[in-house]
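Enquirer: Numbering (the working numbering), first residue to last: 345 to 781.
Glycine residues also receive a C-beta, built at the ideal position from the N, C-alpha and C atoms.
The structure that follows is given in the form of structure tokens.
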Ligand SMILES: Cc1cc2nc3c(=O)[nH]c(=O)nc-3n(C[C@H](O)[C@H](O)[C@H](O)COP(=O)(O)OP(=O)(O)OC[C@H]3O[C@@H](n4cnc5c(N)ncnc54)[C@H](O)[C@@H]3O)c2cc1C
């Protein structure tokens with residue numbers, strides 16, 4: 345693994361390995377796939393979607409093989425901020441219902457509403473030690489009409505969940521220690537986790553339940569055989585009656601219909617050195633995770649060791665010193681109480697987006713499914729999607745659809761569109777800086 349870089353070399357401030365990946369204990373080691381295997385279910389990718397699905401299948405006593413390019417939690421899960429945010433991304437329940445209809449849209453809304461409780465329940469049930477903090481998720485907003493807008497959104501959610509509350513200006517300030525927000529949605533079912541320890545914990549439970557997990561086994565090809573699919577990896581192959589692709593940004597390399605269906609988004613996260621008790625008492629004292637609803641996203645949470653984790657978009661060739669200065673300015677602007685922070689680790693990961701910004705499970709044929717990208721907010725969502733896909737596979741005739749299977753949808757104007765998420769994310773910060781001049 346590479347080491348954290350400090351010292352300000354241009355472009356050298358950002359690590360490809362996350363804080364969690366750098367500090368986690370080694371994952372239990374599993375050999376690569378070397379032989380020809382047969383199984384009932386095969387899954388590509390040991391992220392949250394693949395592990396959640398595989399664990400359900402193994403616990404039901406079914407044969408399951410997972411092939412992972414690297415080790416569990418090596419993908420977006422391990423790069424993430426670990427925020428459990430059982431919320432929609434840049435859309436509202438009403439818009440989801442309008443575009444997908446009451447049945448399909450309602451199914452997704454119920455599932456997303458349930459996803460935080462499901463994830464923390466899974467962690468509890470399996471006794472996974474992953475610094476789980478089920479203390480809630482706060483999504484504040486600015487502007488004179490924020491209270492009205494957020495109240496309307498919470499009302500739209502009401503047929504599907506009742507665990508959301510709206511905070512007014514004083515309420516947000518008291519709960520978060522931030523300034524400038526005029527309202528917030530408090531989602532009691534959210535919170536935070538250490539995503540790599542979660543991945544390792546789920547992988548251990550999967551193997552204990554009889555699932556077979558192969559590390560360092562990138563799937564390179566998929567071939568249809570009579571009544572099965574053969575999944576070829578770098579060193580072997582698996583023949584499975586049913587394959588589910590849970591490789592996130594890796595899915596599109598495995599089936600031609602998945603090409604150009606998802607868009608990459610580069611996201612930077614950073615963890616500070618330990619902070620004082622005074623800072624901890626002043627900022628999110630009750631331990632919620634916070635991501636605001638502004639284009640110029642502000643996101644913070646506490647993690648183990650009295651460290652703060654925050655999101656900050658880093659331009660190419662920025663020095664570590666410049667990032668630290670900018671982060672301190674941002675925190676000074678956003679927090680009522682602020683002490684200078686030192687960056688302990690800054691990293692970049694790639695999240696993948698569906699053009700609809702909604703979760704999507706695609707059927708490629710009756711024996712091949714793909715859990716598609718999860719829009720930068722897939723930890724809780726893809727855990728529950730894994731559970732639903734397992735239910736569907738275990739009892740296809742009696743499954744009462746919570747999720748409707750979709751068809752692959754190519755992103756229009758992909759050549760340009762693939763740059764958009766990152767450009768918009770970084771552009772929002774630049775715009776905000778410019779507009780405040
Ligand atoms: C920097 C960053 C911050 C984020 N923060 C949050 C957050 O705070 N909260 C939140 O909810 N979401 C967050 N997200 C998004 C979230 O991490 C993802 O939505 C979620 O992890 C997706 O889970 P997954 O299982 O679908 O994919 P992944 O976690 O990406 O898992 C896919 C797995 O497949 C493996 N793989 C890929 N190709 C192959 C292949 N050919 N063969 C075998 N294996 C393969 C990969 O190695 C990986 O382990 C963040 C994402 C990033 C990048």
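#1: Can you name the residues that DSSP bridges to residue 566?
#2: Between which two residues does the beta strand (DSSP E) containing residue 478 stretch?
#3: Which parts of the segment 706 to 757 are runs of the beta strand (DSSP E), unbroken and 3 residues or longer, counting only runs that do not cross its ends?
#4: Return the first residue and the last residue of the alpha helix (DSSP H) that residue 508 is part of.
#5: Indicate, with yes or no, if ligand 1 has a heavy atom lying under 6 Å from the CB of residue 615.
#6: On a CA-only basis, which of 422, 392, 425 and 745 is nearest residue 834? Give me that one, please.
#7: Identify, in the order they occur along the chain, each residue of the same chain with its Cβ nearer than 8 Å to the Cβ of residue 658, setting aside the five sequence neighbours on each side.
#8: On the criterion of 16 or more Cβ atoms from any shown chain inside 10 Å, does residue 523 qualify as buried, or is it exposed?
#9: Taking three-plus beta-carbon pairs below 8 Å as touching, is the segment 668 to 684 in contact with the segment 619 to 636?
#10: Could you give the distance in angstroms between the alpha-carbon of residue 662 and the alpha-carbon of residue 408?
#11: Can you tell which of 725, 758 and 736 has the C-alpha that lies nearest to the C-alpha of residue 454?
#12: Can you tell me whether residue 388 sits near ligand 1, meaning its C-beta is under 6 Å from at least one heavy atom of the ligand?
#13: Assign residue 381 to one of three DSSP states: helix, strand, or coil.
#14: In terms of DSSP beta bridges, what is residue 612 paired with?
#15: Taking only heavy atoms of ligand 1 into account, decide whether any of them is closer than 6 Å to the Cβ of residue 705.
#16: Quick test of the definition: if touching needs 3 or more C-beta pairs under 8 Å, does the segment 377 to 393 touch the segment 708 to 723?
#17: Grouping DSSP H, G and I as helix and E and B as strand, with all else coil, what is residue 504?
#18: From the DSSP secondary-structure annotation, give me the bridge partner or partners of residue 654.
#19: Using 8 Å as the Cβ pair cut-off and three pairs as the minimum, do the segment 622 to 635 and the segment 476 to 492 touch?
#20: Can you name, in chain order, every residue of its own chain whose Cβ lies under 8 Å from the Cβ of residue 596, other than the five neighbours on each side?
#21: Is the separation between the beta-carbon of residue 404 and that of residue 764 shorter than 7 Å?
#22: Do residue 647 and residue 654 have their C-beta atoms closer together than 7 Å?
#23: Excluding the 5 residues flanking residue 695 on each side, which residues of the same chain have their C-beta closer than 6 Å to its C-beta?
#24: Is residue 404 helix, strand or coil when you go by DSSP?
#25: Hey, could you find the ends of the beta strand (DSSP E) residue 680 is sitting in?
#26: Less than 7 Å between the beta carbons of residue 755 and residue 699, yes or no?
#27: Going by CA-CA distance only, name the one from 707, 577, 385 and 615 that's closest to residue 664.
#28: Thinking C-alpha only, which one of 579, 580 and 374 is nearest residue 559?
#29: Check this for me: beta carbons of residue 650 and residue 624, under 7 Å apart or not?
#30: Let me check you understand the geometry: is the CB of residue 480 closer than 6 Å to at least one non-hydrogen atom of ligand 1?
#31: Specify, as a first and last residue, the run of the alpha helix (DSSP H) that residue 624 falls within.
#32: Can you give me the Cβ contacts of residue 543 inside the same chain, cut-off strictly under 6 Å, excluding the 5 residues immediately before and after it?
#33: CA-CA distance, residue 469 and residue 426?
#34: Tell me the DSSP bridge mates of residue 588?
#35: With residue 633 as the anchor, note down where its alpha helix (DSSP H) starts and where it stops.
Expert: In short, the structure shows the following:
#1: Counting from one through the chain shown, the residue named residue 566 turns up at place 222. 575, per the DSSP bridge assignment.
#2: On the chain shown, residue 478 is found 134 positions in, with the first residue counted as 1. Per DSSP, residue 478 belongs to no beta strand (DSSP E) and is neither H nor E.
#3: 712 to 715
#4: What you label residue 508 is simply residue 164 of the chain shown in a count that begins at 1. Not the alpha helix (DSSP H): residue 508 falls in the beta strand (DSSP E), residues 508 to 512.
#5: Position 271 of the chain shown, counting from 1, holds the residue named residue 615. Checking the Cβ of residue 615 against ligand 1 gives no.
#6: Summary: the structure shown does not reach residue 834, with the chain confined to residues 345 through 781, and so no result is reported for it.
#7: Position 314 of the chain shown, counting from 1, holds the residue named residue 658. 357, 358, 612, 667, 690 and 692.
#8: The residue labelled residue 523 in the question sits at position 179 within the chain shown. Under this definition residue 523 is an exposed residue.
#9: yes
#10: On the chain shown, position 318 is the one that residue 662 refers to. On the chain shown, position 64 is the one that residue 408 refers to. C-alpha separation (whole angstroms): 45 Å.
#11: Position 110 of the chain shown holds residue 454. Ranking 725, 758 and 736 by Cα distance to residue 454 puts 725 first.
#12: Taking the chain shown and counting its residues from 1, the one referred to as residue 388 is at position 44. Checking every heavy atom of ligand 1 against the Cβ of residue 388, one is found closer than 6 Å.
#13: Stepping through the chain shown from its first residue, residue 381 is reached at position 37. Correct three-state label for residue 381: strand.
#14: Within the chain shown, residue 612 is the residue found at index 268, counting from 1. Residue 612 pairs with 692.
#15: The count along the chain shown starts at 1 and reaches residue 705 at position 361. No; taking the cut-off as 6 Å, the Cβ of residue 705 has no heavy atom of ligand 1 nearer than that.
#16: yes
#17: Here residue 504 is taken as the residue at index 160 of the chain shown, counted from 1. Correct three-state label for residue 504: coil.
#18: Indexing the chain shown from 1 puts residue 654 at position 310. Looking at the DSSP assignment, residue 654 forms a beta bridge with 614 and 644.
#19: yes
#20: Indexing the chain shown from 1 puts residue 596 at position 252. Within the same chain, residue 596 has close Cβ partners 602, 603, 604, 605 and 606.
#21: Looking up residue 404 in the chain shown gives position 60. Looking up residue 764 in the chain shown gives position 420. Not in contact: residue 404 and residue 764 (Cβ atoms no closer than 7 Å).
#22: In the chain shown, counting from the first residue as 1, residue 647 sits at position 303. In the chain shown, counting from the first residue as 1, residue 654 sits at position 310. No, the Cβ-Cβ distance between residue 647 and residue 654 is not below 7 Å.
#23: As a first step, residue 695 is located in the chain shown; it is residue number 351 there, counting from the start. 420, 609, 611 and 720, listed in sequence order.
#24: As a first step, residue 404 is located in the chain shown; it is residue number 60 there, counting from the start. Reduced to three states, the DSSP call for residue 404 is coil.
#25: By 1-based counting over the chain shown, the position of residue 680 is 336. Careful: residue 680 lies outside any beta strand (DSSP E) and carries neither H nor E.
#26: Mapped onto the chain shown, residue 755 falls at position 411. Mapped onto the chain shown, residue 699 falls at position 355. Yes, Cβ-Cβ distance for residue 755 and residue 699 is below 7 Å.
#27: Here the question's residue 664 lines up with position 320 in the chain shown. Comparing Cα-Cα distances from residue 664 to each of 707, 577, 385 and 615, the minimum goes to 615.
#28: Working through the chain shown from its first residue, we reach residue 559 at position 215. Cα-wise, what sits closest to residue 559 is 374.
#29: Along the chain shown, one-based indexing puts residue 650 at 306. Along the chain shown, one-based indexing puts residue 624 at 280. Going by C-beta atoms, residue 650 is nearer than 7 Å to residue 624.
#30: By 1-based counting over the chain shown, the position of residue 480 is 136. No.
#31: In the chain shown, residue 624 corresponds to position 280, counting from 1. From DSSP, the alpha helix (DSSP H) with residue 624 extends over 621 to 626.
#32: The sequence position of residue 543 within the chain shown is 199, counting from 1. Counting only Cβ-Cβ distances below 6 Å, and skipping sequence neighbours, we find 416, 417 and 421.
#33: Along the chain shown, one-based indexing puts residue 469 at 125. Along the chain shown, one-based indexing puts residue 426 at 82. Near 19 Å, if we compare the C-alpha coordinates of residue 426 and residue 469.
#34: For the purposes of this step, residue 588 is taken as the residue at position 244 of the chain shown. Beta-bridge pairing links residue 588 to 387 and 713.
#35: Mapped onto the chain shown, residue 633 falls at position 289. It is not in any alpha helix (DSSP H) - residue 633 instead sits in the beta strand (DSSP E) that spans 633 to 635.
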